[in-house]
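> Next up is a structure, given as structure tokens.
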Amino acid sequence: MKATAAQSLGRCYAMDDQAVDNRETHLVRADLPARAHPGLGMAGSGLNRAAELRGDTAAMRAALSDTNTRILPMWQGRFLFVAEGSVPDPALGQGLASVPPDHSVLNGAEEPAVFLGLSNGHHVFAQDVCGWVPDDTLDPQARLAQDRIYDATLPAGSFFADLRGQMMALDARAAELAATARGVLGWHRSHRFCAACGAPSIPEDMGWRRGCAACGTSHFPRTDPCVIMMVVRDNAALLGRSPHWPEQMFSCLAGFMEPGETVEAAVRREVFEETGIRVGEVRPVASQPWPFPASLMLGCVAVAQSDEITVDPVEIEEALWVSRERLLRIFAGRDDVIRTPRAGAIAGWLMREWLADTLIPRQKF
Ligand SMILES: [Zn+2]
Numbered sequence: 005m006k007a008t009a010a011q012s013l014g015r016c017y018a019m020d021d022q023a024v025d026n027r028e029t030h031l032v033r034a035d036l037p038a039r040a041h042p043g044l045g046m047a048g049s050g051l052n053r054a055a056e057l058r059g060d061t062a063a064m065r066a067a068l069s070d071t072n073t074r075i076l077p078m079w080q081g082r083f084l085f086v087a088e089g090s091v092p093d094p095a096l097g098q099g100l101a102s103v104p105p106d107h108s109v110l111n112g113a114e115e116p117a118v119f120l121g122l123s124n125g126h127h128v129f130a131q132d133v134c135g136w137v138p139d140d141t142l143d144p145q146a147r148l149a150q151d152r153i154y155d156a157t158l159p160a161g162s163f164f165a166d167l168r169g170q171m172m173a174l175d176a177r178a179a180e181l182a183a184t185a186r187g188v189l190g191w192h193r194s195h196r197f198c199a200a201c202g203a204p205s206i207p208e209d210m211g212w213r214r215g216c217a218a219c220g221t222s223h224f225p226r227t228d229p230c231v232i233m234m235v236v237r238d239n240a241a242l243l244g245r246s247p248h249w250p251e252q253m254f255s256c257l258a259g260f261m262e263p264g265e266t267v268e269a270a271v272r273r274e275v276f277e278e279t280g281i282r283v284g285e286v287r288p289v290a291s292q293p294w295p296f297p298a299s300l301m302l303g304c305v306a307v308a309q310s311d312e313i314t315v316d317p318v319e320i321e322e323a324l325w326v327s328r329e330r331l332l333r334i335f336a337g338r339d340d341v342i343r344t345p346r347a348g349a350i351a352g353w354l355m356r357e358w359l360a361d362t363l364i365p366r367q368k369f
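Everything in the sequence shown is counted per the numbering used here, starting at 5 for the first residue and increasing by one.
Laid out in structure tokens, this is it:
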């Protein structure tokens with residue numbers, strides 16, 4: 005057990021070194037994308053959020069009258085994307101589209117734009133344009149059934165679409181901007197009223213706070229931590245599926261953390277509640293914002309101490325142990341029961357990393 009602890013400690017120091025390296029990179033060039041996890045969507049890009057500008061009314065007013073400013077419109081939860089093969093925008097990165105501050109689509113906004121930060125010298129904002137009506141003849145239900153919404157009033161070739169489906173078309177910068185915009189704009193939509201007294205609240209600090217004039221309480225955008233774990237035992241990993249998921253979809257177990265809980269305790273509790281499996285060592289390995297609507301996925305590897313599965317049917321429909329060999333077949337699309345995990349999401353990333361022996365040295369367990 006001593007060797008195990010020493011190896012574990014060594015791994016922690018290695019992770020700390022990388023964190024320090026990233027932090028120093030930010031100090032030297034705040035706009036330089038940080039080292040991300042390859043294959044993990046929305047894993048961060050070192051965006052300079054320039055929080056010091058949020059209270060600078062003159063600077064913000066000037067930015068919102070500058071035609072070089074980018075505004076990401078969000079319409080019915082969807083963002084604007086460029087046509088495939090478009091040249092990356094120097095401020096937005098690859099895949100995202102924006103409009104200038106005087107664009108007509110912004111007339112559909114009910115609340116002011118949120119300042120996301122400075123990217124490659126440009127101010128970037130996001131704004132909920134829920135009141136925008138496309139210039140087409142479709143009825144609203146037929147329109148919402150479409151994956152992509154094109155409109156003559158939008159920038160040439162651009163379309164509104166769900167962020168999840170476009171995630172892998174985005175580079176790290178575009179993904180961080182979109183994840184931030186989705187999370188904070190979604191929070192504004194669901195927090196229009198003061199949680200203390202019930203009066204309407206208003207956006208302040210360029211969208212990073214809501215204030216209540218009636219009782220003076222400030223409310224801040226929230227993020228809900230959620231553990232997602234690659235539970236392993238010898239040559240196998242534990243996967244499960246929820247009753248409402250698409251057919252053939254299996255994934256890592258996951259669940260929301262509860263108040264007062266550590267990450268490790270949440271992993272052990274969730275795995276035991278859902279499958280009856282006892283977990284020993286737990287190690288956080290990566291995190292991913294998942295703003296649908298407000299989760300932060302805390303990816304962990306967890307070592308099972310038992311292997312007999314007792315499923316809680318309220319939580320999950322089925323759970324099973326999958327060998328490395330079978331998981332390789334799943335990723336190759338050659339399994340009859342389980343389909344290939346969604347690209348970019350942390351569950352698939354954890355599975356790939358486990359197969360590649362980068363989560364934990366195989367001999368350690
Ligand atoms: Zn209030």
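Virtual Cβ for every residue (Gly too), placed ideally from N, Cα, C.
(1) Consider the C-beta atom of ALA336 and the heavy atoms of ligand 1; say whether any pair is separated by less than 7 Å.
(2) In chain order, what are the residues with a CB under 6 Å from some non-hydrogen atom of ligand 1?
(3) Let me know the secondary structure DSSP gives ALA269 once reduced to three states.
(4) Residues in its own chain within less than 8 Å of THR114 by CB, not counting five upstream and five downstream?
(5) Going by C-alpha distance, which of THR314, ALA179, GLY337 is nearest GLY99?
(6) Return the CA-CA distance between HIS192 and GLN145, expressed in angstroms with no decimal places.
(7) Within the continuous alpha helix (DSSP H) that includes PRO207, where are the two ends?
(8) Which runs of the beta strand (DSSP E) fall wholly inside the stretch 238–268 and span at least 3 residues, in chain order?
(9) Please confirm if the stretch 161–174 is in contact with the stretch 82–99, defined as three or more CB-CB distances below 8 Å between the two stretches.
(10) By alpha-carbon positions, which one of PRO229, THR221, ARG282 ends up nearest to PRO263?
(11) Is the Cβ-Cβ distance between ARG281 and ALA308 less than 8 Å?
(12) Just verifying my parser: in three-state terms, what is the DSSP assignment at PHE163?
(13) Which ranges would you report for the beta strand (DSSP E) in the stretch 105–130 if only whole runs of at least 3 residues count?
(14) Who are the near neighbours of GLU357 in its chain, counting only those whose CB is closer than 7 Å to its CB and skipping five residues on each side?
(15) Decide if ASP151 is buried, meaning its Cβ has at least 16 other Cβ atoms within 10 Å, or exposed.
(16) When we look at the beta-carbon of THR157 and count the other beta-carbons within 10 Å, is it buried (16 or more) or exposed?
(17) In the DSSP assignment, find the unbroken beta strand (DSSP E) run with LEU302 in it and report its ends.
(18) In this structure, does DSSP put MET64 in helix, strand or coil?
(19) Once DSSP output is grouped into helix, strand and coil, what is the label at MET355?
(20) Where does ALA101 sit, in a helix, a strand or coil, going by DSSP?
(21) Classify LEU31 as buried or exposed, calling it buried when 16 or more other Cβ atoms lie within 10 Å of its own Cβ.
(22) Measure how close the beta-carbons of VAL118 and LEU189 come, nearest whole angstrom, since I'm counting them as under 8 Å.
(23) Does the Cβ of VAL275 lie closer than 7 Å to at least one heavy atom of ligand 3?
(24) In angstroms with no decimal places, state the Cα-to-Cα distance between ALA7 and GLN292.
(25) Grab the span of the alpha helix (DSSP H) containing GLY381 for me, first residue to last.
(26) Does the beta-carbon distance from ASP143 to ASP155 come in below 8 Å?
(27) To the nearest angstrom, how far is it from the Cα of ILE350 to the Cα of LEU181?
(28) What's the gap between the Cα of GLU321 and the Cα of GLY187?
(29) Rounded to whole angstroms, what's the CA-CA distance from ASP361 to VAL305? Just pull it up for me.
(30) In whole angstroms, what separates the C-alpha of GLY284 from that of VAL235?
(31) For MET185, I'd like the list of residues in its chain whose CB is within less than 8 Å of its CB, leaving aside the five on either flank, ordered along the chain.
(32) Between ALA241 and PRO159, is the Cβ-Cβ spacing less than 8 Å?
(33) Reducing DSSP to helix, strand and coil, say where ILE342 ends up.
The structure says:
(1) no
(2) CYS198, ALA200, CYS201, ALA203, CYS216, ALA218, CYS219, THR221
(3) helix
(4) Correcting the residue type first, residue 114 is Glu in the shown sequence and not Thr. So the list reads ASP132, CYS134, GLY135, once near-sequence residues are dropped.
(5) ALA179
(6) 24 Å
(7) Taken as a continuous stretch (DSSP letters only), PRO207 belongs to no alpha helix (DSSP H), being part of the beta strand (DSSP E) at 206–208.
(8) 240–245, 257–260
(9) yes
(10) PRO229
(11) In the sequence as displayed, the identity of residue 281 is Ile instead of Arg. Contact: yes.
(12) strand
(13) 118–123
(14) LEU363
(15) exposed
(16) exposed
(17) 299–308
(18) helix
(19) helix
(20) coil
(21) With a pLDDT of 34 at LEU31, under the threshold of 50, the predicted position of this residue should be treated as unreliable, and no value is reported.
(22) 6 Å
(23) Absence of ligand 3 is noted for the structure shown, with ligand 1 being the only ligands found.
(24) Residue confidence is low: ALA7 scores 36 on pLDDT, short of 50, so the model does not pin down where it sits. Its coordinate-derived value is still stated next. Rounded to the nearest angstrom, the two C-alpha atoms are 31 Å apart.
(25) With the chain covering 5 to 369 only, the question about residue 381 has no answer from this structure.
(26) no
(27) 18 Å
(28) 29 Å
(29) 12 Å
(30) 10 Å
(31) Here residue 185 is Ala; the residue named in the question, Met, does not match the sequence. For ALA185, where only same-chain residues beyond five positions count, the Cβ hits under 8 Å are LEU76, MET78, PHE83, VAL118, LEU120, ALA130.
(32) no
(33) coil
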